[in-house]
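Worksheet for the structure shown next.
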Amino acid sequence: MHAVVCIKQVPDTQELQVDFDAGVIKRASVPLIVNPFDEFAIEEAVRLKEKHGGAVTALTMGPLSADEALRTALAMGCDAAVHLLDEAFEGSDTWATATVLAKALEKMGEYDVLFFGKATFDGDTGQVAPRVAALLQLPMLNFAAKIAEIDFDGKKVTVERLLETGREVVRANLPAVISVVKEINEPRYPSLLGIRRAKKVDVPTWDAAALALEKDSVGSKGSFAKLERIYRPPARAGGEIVPGEPVDAAKTVTEKLIDQGLI
Amino acid sequence: MANDDYKGILVYIERRRDGTVAPVGPELLGKGRGLADKLGAELAAAAFGPGAAELSAELFAMGADNVYVVEHDLLKDFRPRPYAKALAQLAREAKPTVILAGATTQGRDLAAAAATYLKTGLSADCVGLEVDDAGLLKQTRVSCGGRVMSDWVTPEARPQFATVRPKVMKALEPDRSRAGETTHFNVDLTPDDDVGEVLSFLEAKETVNLGEADIIVSGGRGLGNPEGFELVRELAACLDAAVGASRAAVDAGWIEYAHQVGQTGRTVSPKLYVACGISGAVQHLAGMGTADVIVAINKDEEAPIFKIATYGIVGDLYEVVPALIEEIKNRRG
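Top to bottom, those sequences are chains A and B. Be aware that the first sequence starts at 0, since it is given in numbering that gives the first Met the number 0, and climbs by one per residue. Be aware that the second sequence starts at 0, since it is given in numbering that gives the first Met the number 0, and climbs by one per residue.
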């Protein structure tokens, strides 16, 4: 069994600082973390390995600092990691990112399953996993809340996908791309032993040349979507505390909601 | 191919499991109508799967000029690959300059694959769309947990493709006198596209379609115990609302994850959001901050939820919520 987990290092959105005048997110001053949804993806892959044997590889594209995210994945139980690192990758949209990941996966060779978190906390597009699946012509199993059955010999997987009105049980051939939602597991904390081991793992870096990618085909030049500007969300009118005893306030609010035709 | 060859707006019509039109389709037709009129171009709707042809009249009434009906053996259940290939084939033929789909689980799955086949960009979960005189679509989205808004364009590639947050755009009043042209579009799908077999569908026990709900009543840590959700459900039933929850309540095991609103759960945009015992962590606000009206009930007057609440009630929710229920029932007689 070989599982690959695709992860991203993201700024902690709780601590996020944005320079709206310059129109940039201040990355340097913000703590960087493994995208929280990706922790569920790592955990699920490591659990599969613990049950079925085999290996898990963590894969990321990102700047030098992204090495820390890979070390976290290794400390959680991944066996190997690959860092896709090249200035030419900077400014990639979801198309360019998926192009780089797909090339790296082709270079990696054999795998049975690719895991992603359902979306990242910063970009929140949820597009990279389905784009990679489309590029590699693999089945896409999005929003998985449970792996009901997986048969590496028979090359079949059955997952429960969490949709708006219930759960869809769907079976597909392996290799497949699976994106996971929070319900699928509870990620472990890295053990001290894991952290120590993670530091010693040799993590190869692959650049555009190593992936046989033209520099102009990735990064901002290879992207279709262009950012025009970023700005502060409009402030919500609000903050009115309805006066009076709680029960009276409840009456006042009910009246306001009825007057506005909301209820 | 020159961008001038691409004209008009194409809206993907998502269908519910019973085959009826999901509300986000008419919302996108409402927005698409405005965009098409500004461009002096046509608005088309694309409906896939068995019985799609029967939806034409409804889609014309909601603003479409043309309806593309796409039927095929591999399009019975929604599955991303055959659906995305079909949409990409239709787009290559019809050459819309803009494609819109709902930012639902289905729309997000479909659009990302279709945009990849079409080698174009895709903006996710847009809350605003505008076209300029040159036909460039400005796609406005929210990211970084609601902290940042951004405008995106797709300068070169066509079509310009966006998924749009449900309940943000407004459907038109249906006009049954409108008529249009229905085109049956033949798609070329092969057995290779037959990936993923839907074995069954486990319907949720209670309404959790938070994305479509006009009203959501949510409970958080302030409920104190799982039984607190009985009170939340009682208020929700009284308002014909869906039941939501904060991450704290879900992590405590008081309610299923499917109800979770926020950055690790669902993003919602209802007309009315009632937060009971939810302090309003940044991640929660990211998931419901675009609700039209927010009512917050919390003991702690310093709770961040009050900063964005339209109406805040400081008090014990076990006094306030029953008072709300009683008052609503009285008012309705």
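Ideal Cβ placement from N, Cα and C applies to all residues, glycine included. Quick caveat: nothing in here was measured; it's all calculated off a predicted structure.
**Request:** Check whether the Cβ atoms of residue 294/B and residue 280/B sit closer than 8 Å, and answer yes or no.
**Result:** no
**Asked** Can you list the residues of chain A that residue 275/B reaches, using a CB-CB cut of under 8 Å?
**Response** Within chain A, no residue comes near residue 275/B; the closest Cβ sits about 12 Å away, beyond 8 Å.
**Message:** Excluding the 5 residues flanking residue 324/B on each side, which residues of the same chain have their C-beta closer than 7 Å to its C-beta?
**Reply:** Counting only Cβ-Cβ distances below 7 Å, and skipping sequence neighbours, we find 233, 234, 237.
**Request:** Taking only beta carbons into account, state which residues of the region 143-167 of chain A come closer than 8 Å to chain B, listed in chain order.
**Result:** 144, 157, 159, 160, 161, 162, 163, 164, 165, 166, 167
**Request:** Count the other CB atoms, across all protein chains shown, that sit within 10 Å of the CB of residue 23/A; report buried if there are 16 or more and exposed otherwise.
**Result:** It counts as exposed.
**Prompt:** If you run the structure through DSSP and keep just helix, strand and coil, what is residue 216/A?
**Reply:** helix
**Prompt:** Quick one: which chain A residues come within Cβ less than 9 Å of residue 202/B?
**Reply:** 164, 165, 166
**Prompt:** Between residue 28/A and the rest of its own chain, which residues show a CB-CB distance below 8 Å, the 5 nearest in sequence each way excluded?
**Reply:** Here residue 28/A has 16 as same chain residues with Cβ atoms under 8 Å from its own Cβ, once five neighbours each way along the sequence are excluded.
**Prompt:** Would you say residue 230/A faces chain B, with C-beta separation under 8 Å as the test?
**Reply:** yes
**Request:** On the DSSP bridge assignment, give the partners of residue 10/A in chain order.
**Result:** 31/A
**Message:** Is the separation between the beta-carbon of residue 97/A and that of residue 137/A shorter than 8 Å?
**Reply:** no
**Message:** Which residue wins for smallest C-alpha separation from residue 116/B, given the options 122/A, 107/A, 132/A?
**Reply:** 132/A
**Asked** Name the chain A residues whose beta carbon is nearer than 8 Å to that of residue 307/B?
**Response** 235, 237, 238
**Asked** Quick one: what does DSSP say residue 144/B is sitting in, helix, strand or coil?
**Response** coil
**Request:** Please report the residue range of the alpha helix (DSSP H) in which residue 224/B lies.
**Result:** Premise fails: residue 224/B is in no alpha helix (DSSP H) and is neither H nor E.
**Request:** Kindly list, in the order they appear in chain A, the residues whose Cβ is closer than 9 Å to that of residue 22/B.
**Result:** Ordered by position in chain A, no residue passes the 9 Å Cβ test against residue 22/B, which lies about 11 Å from the chain.
**Request:** Please decide whether residue 262/B counts as near chain A, where near means a Cβ-Cβ distance under 8 Å.
**Result:** yes
**Prompt:** Can you name, in chain order, every residue of its own chain whose Cβ lies under 6 Å from the Cβ of residue 135/B, other than the five neighbours on each side?
**Reply:** Excluding residues within five positions, the ones whose Cβ falls inside 6 Å are 152.
**Message:** Taking only three categories from DSSP, how would you classify residue 327/B?
**Reply:** helix
**Asked** Can you tell me the Cα-Cα spacing of residue 2/A and residue 31/A, whole angstroms?
**Response** 25 Å
**Request:** Starting from residue 208/B, follow its DSSP beta bridges and name the residues at the other end.
**Result:** Partner(s): none; residue 208/B has no beta bridge.
**Request:** Select from the region 41-60 of chain B all residues with a C-beta closer than 7 Å to any C-beta belonging to chain A, and list them in chain order.
**Result:** none
**Item:** Same chain only: Cβ atoms within 8 Å of residue 184/A, ignoring 5 sequence neighbours per side
**Value:** 39, 42, 43, 46
**Request:** Verify whether the separation of the beta carbon atoms of residue 82/A and residue 202/A is less than 8 Å.
**Result:** yes
**Message:** Less than 8 Å between CB atoms is the rule here; does residue 227/A satisfy it with respect to chain B?
**Reply:** yes
**Buried or exposed by the 16-neighbour rule on C-beta atoms within 10 Å, applied to residue 181/A** = buried
**Message:** I need the DSSP call for residue 173/A, collapsed to helix, strand or coil.
**Reply:** coil
**residue 0/B, buried or exposed, once every other Cβ within 10 Å from all chains shown has been counted against 16** = Note that residue 0/B has pLDDT 48, beneath the 50 cutoff, so the model's placement of it is unreliable and the number below is only indicative. Exposed, because fewer than 16 other Cβ atoms sit within 10 Å of the Cβ of residue 0/B.
**Request:** Please confirm if residue 152/B has its CB atom under 8 Å from at least one CB of chain A.
**Result:** yes
**Prompt:** Does the beta carbon of residue 245/A come closer than 8 Å to any beta carbon on chain B?
**Reply:** yes
**Prompt:** residue 37/A: buried (16+ other C-beta within 10 angstroms of its C-beta) or exposed?
**Reply:** buried
**Cβ-Cβ distance between residue 296/B and residue 320/B below 8 Å** = yes
**Prompt:** Going by DSSP, which residues form a beta bridge with residue 183/B?
**Reply:** 68/B
**Message:** Taking the straight line between their C-alpha atoms, what separation do you get for residue 292/A and residue 330/B?
**Reply:** No answer is possible for residue 292/A: it lies beyond the span of chain A, which begins at 0 and ends at 262.
**Request:** Decide yes or no for the touch test of the region 145-162 of chain B against the region 186-199 of chain B: beta carbon pairs closer than 8 Å, at least 3 of them.
**Result:** By the Cβ test, the region 145-162 of chain B is not in contact with the region 186-199 of chain B, since fewer than three Cβ pairs between them sit closer than 8 Å.
**Prompt:** Should residue 107/B and residue 181/B be called a contact, given that it needs their Cβ atoms to be closer than 8 Å?
**Reply:** no
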